[in-house]
Amino acid sequence: MVKITKFGGSSVSSAEQFKKVKAIVESDPARGFVVVSAAGKRNSSDYKITDLLYLVNAHLQYKFTCDDLLDTIGGRFCEIAQELNLTYPIEQEFQEFRDQAKAGKVSPEYIVSRGEYFTARMMAEFLGFPFVDAADVISFNLDGSINMERTGQLLRATIGANQRFVLPGFYGSAPNGAIKLFDRGGGDITGAIVAAALGADLYENWTDVSGFLTADPRIVDNPKAISRITYAELRELSYMGASVLHEEAIFPVKDAGIPLWIKNTNRPQDVGTIISESAAKDEAEPIITGIAGKKDFVAIHVKQSHMSSEIGYIRRVLSIFERYRVSIEHMPTGIDSFAAVVQHSDVKDCLYNIIADIKTELNPDEIKVVDNLALISTVGRNMASRPGISGRLFGVLGNAGINIRMIAQGSEELDIIVGVNSDDFERAIRVIYGAFIDSEDNIITVEELERKGAF
Ligand code: ASP
């Protein structure tokens with residue numbers, strides 16, 4: 000089994016964290032390919048090395064002295080090297096980098112990339128793995144996209160028979176050899192690209208949380224973690240506001256059918272979240288995978304008798320939204336009425352123009368605007384073909400006195416979306432959570448996941 004094991008900034012923020020990484024890597028011989036971010040925060044009031052390097056660039060650009068900043072960055076690296084008794088000459092190497100940066104000999108992107116470079120250098124020695132520079136193997140096209148074919152070739156040629164390396168995340172090189180960065184948080188993207196390019200069986204992403212949560216912890220106290228989710232469910236949840244991985248970090252592994260496992264470096268015993276292309280429907284698994292939602296939607300209801308038999312009526316209404324470049328999020332329909340649900344921010348300057356145009360061009364019997372609408376998506380692949388779930392959902396909201404103002408369900412039965420008053424948003428999420436997730440015993444163990452072929 001080939002695994003790509005990526006560690007985020009907080010997992011490599013200190014000598015103590017380096018030791019945890021080593022224990023994790025050494026506990027499984029399949030963990031040969033390691034990708035690291037730059038050393039991150041050691042606690043909530045600390046700084047990320049990458050942020051400090053961006054600050055160095057800003058100082059250099061405006062010709063301010065940045066010796067203190069460089070001292071802080073170099074100091075962080077030296078501290079790790081000393082505590083771990085590393086022989087890598089970090090002090091000299093950092094001094095050389097510092098001189099080059101101050102003399103304007105290196106690009107801003109090169110400067111920022113040194114966070115992952117030095118972190119990976121030290122990690123390579125600490126693990127006893129060869130170091131591979133991302134500049135030599137991660138190859139960008141001229142348009143900024145990744146050249147997967149060339150990256151794959153370069154990676155395979157570099158690895159040879161040696162099934163191990165430590166690779167810095169977050170950067171690669173442009174066709175002219177210059178260092179090029181991914182977006183912020185791009186270490187996750189490097190890991191996914193390497194996994195896809197090497198045809199890995201699993202992409203492990205080690206961070207400081209035990210996976211995705213079933214609901215927003217600012218709304219629900221201590222929500223349970225999601226142990227297993229499909230890429231499609233994840234897309235629904237992230238679209239509805241759940242903060243998840245960088246989308247670009249998901250595409251390469253999703254397209255290659257490689258499962259992605261989120262694990263916690265500080266609590267490796269926790270199951271974490273495994274994301275895969277498909278997961279067989281399983282009665283024993285939770286019905287609901289997660290709940291997410293967003294506020295600030297507006298519904299424009301249009302009613303016209305005999306609309307259902309008038310060909311092109313809805314299309315003509317929708318073309319008015321298109322004219323104002325407003326994207327329609329949902330469109331619940333009745334026999335002779337329908338509603339266009341849009342984001343408030345998209346129509347804040349053009350709502351009255353849209354309504355005026357609908358009136359002039361289509362002259363409907365009634366047009367009504369409902370604002371302050373919040374949408375809540377209850378997502379679960381196991382809901383499909385299980386009768387009674389929506390009834391139960393509407394029932395518990397009704398019992399709690401929450402008025403449902405809109406209902407939508409995707410054709411794959413992956414989610415049920417309800418629209419409620421924005422004031423009821425948080426309470427509705429808590430009610431759904433209480434009824435479905437909290438009340439179920441849905442803890443899955445790693446052994447069970449393995450037995451079910453999750454990875
Ligand atoms: N170090 C980079 C950042 O802070 C990339 C990463 O952490 O994945 O954005």
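Reminder that position 333 of the sequence shown reads as 332 in numbering that gives the first Met the number 0, one-by-one numbering, no gaps.
Even glycine gets a Cβ: it sits at the ideal position worked out from N, Cα and C.
Worksheet item: Going along the chain, which residues of its own chain have a beta-carbon closer than 8 Å to the beta-carbon of ASP27, five neighbours each way excluded?
Response: LYS2
Worksheet item: How would you label LEU141, buried or exposed, when you count the other beta carbons within 10 angstroms and need 16 or more for buried?
Response: exposed
Discussion item. I'd like to know whether the C-beta atoms of THR49 and ALA133 end up nearer to each other than 8 Å.
Written reply: no
Worksheet item: Expressed to the nearest angstrom, what Euclidean distance is found between the alpha-carbon atoms of THR206 and ARG41?
Response: 13 Å
Discussion item. I'd like the ranges of any beta strand (DSSP E) spanning at least 3 consecutive residues and lying wholly in the stretch 383-411.
Written reply: 403-408
Practice prompt. Could you spell out the range, first to last residue, of the beta strand (DSSP E) harbouring PHE125?
Written response: It is not in any beta strand (DSSP E) - PHE125 instead sits in the alpha helix (DSSP H) that spans 107-126.
Discussion item. Let me check understanding here. Comparing Cα to Cα, which of ALA196, THR71 and ALA160 lies closest to GLU148?
Written reply: ALA196
Worksheet item: Opposite HIS245 in the DSSP bridges: which residues?
Response: Paired residues: none, contrary to the question.
Item to complete: Please name the residue, chosen from GLU321, VAL378 and MET330, that lies closest to ASP356 on a Cα-to-Cα basis.
Response: GLU321
Item to complete: Pull up the DSSP beta-bridge partners for GLN342, would you.
Response: PHE296
Discussion item. Rounded to the nearest angstrom, what separates SER10 and ILE79 at their Cα positions?
Written reply: 13 Å
Worksheet item: Who are the near neighbours of VAL395 in its chain, counting only those whose CB is closer than 6 Å to its CB and skipping five residues on each side?
Response: VAL430 and ALA434
Worksheet entry | Given LYS367 as reference, the closest of PHE6, MET405, PRO174 and ALA298 once Cα atoms are compared | ALA298
Discussion item. Which of the three DSSP states is assigned to SER438 in this structure?
Written reply: coil
Worksheet item: Does DSSP classify TYR87 as helix, strand or coil?
Response: coil
Item to complete: Consult DSSP for GLY8 and reduce its assignment to one of helix, strand or coil.
Response: helix
Discussion item. Report the CB separation of ILE310 from LEU317 in whole angstroms; it is logged as a contact under 8 Å.
Written reply: Rounded, the Cβ-Cβ distance is 14 Å, inconsistent with contact.
Item to complete: Determine which residues share a DSSP beta bridge with GLU365 and list them.
Response: LYS302
Worksheet item: Exposed or buried, which one is GLN268 when buried takes at least 16 other CB atoms within 10 Å?
Response: exposed
Worksheet item: Measuring CA to CA, which of VAL131, ASP295 and ASP70 is closest to ASN420?
Response: ASP295
Item to complete: In angstroms with no decimal places, state the Cα-to-Cα distance between ASP437 and VAL378.
Response: 15 Å
Fill in: Cβ contact (3+ pairs, closer than 8 Å) linking the stretch 248-267 and the stretch 204-219
yes
Worksheet entry | Contact set for GLU365: own chain, Cβ-Cβ below 6 Å, skip 5 residues either direction | LYS302
Worksheet item: Alpha carbon to alpha carbon, what distance is there between SER13 and SER44?
Response: 15 Å
Worksheet entry | Sequence-distant residues of the same chain with beta carbon closer than 6 Å to GLY455, five excluded per side | An answer regarding residue 455 cannot be provided, because it is not within the stretch 0 to 454 covered by the chain.
Worksheet item: For VAL346, which of ILE388, VAL369 and SER172 has the nearest alpha-carbon?
Response: VAL369
Worksheet entry | Rounded C-alpha distance that separates PRO107 from LEU244 | 26 Å
Discussion item. Less than 8 Å between C-beta atoms, sequence neighbours within five positions excluded: which residues of the same chain meet that for ARG97?
Written reply: LEU69 and GLY73
Discussion item. So GLY240 and ALA194 are supposed to be a Cβ contact under 8 Å. How far apart are they, rounded?
Written reply: That belief does not hold up - the Cβ atoms of GLY240 and ALA194 are roughly 27 Å apart, past 8 Å.
Worksheet item: Which partner residues of TYR323 appear in the DSSP bridge assignment?
Response: DSSP lists no partner for TYR323.
Item to complete: Taking all protein chains shown into account, decide if SER384 is buried (16 or more other Cβ within 10 angstroms of its Cβ) or exposed.
Response: exposed
Practice prompt. Alpha carbon to alpha carbon, how far is GLY168 from LEU154? Give it in angstroms, no decimals.
Written response: 14 Å
Item to complete: Run the CB neighbour count on ASP66, radius 10 Å, all protein chains shown included, and call it buried at 16 or more, exposed below.
Response: exposed
Worksheet item: Using CA coordinates, which residue listed in LEU236, ARG113, LEU201 and ALA156 is at the minimum distance from ILE287?
Response: LEU236
Worksheet entry | Min CB distance GLU321 to chain D below 8 Å | The structure shown contains no chain D, having only a single protein chain.
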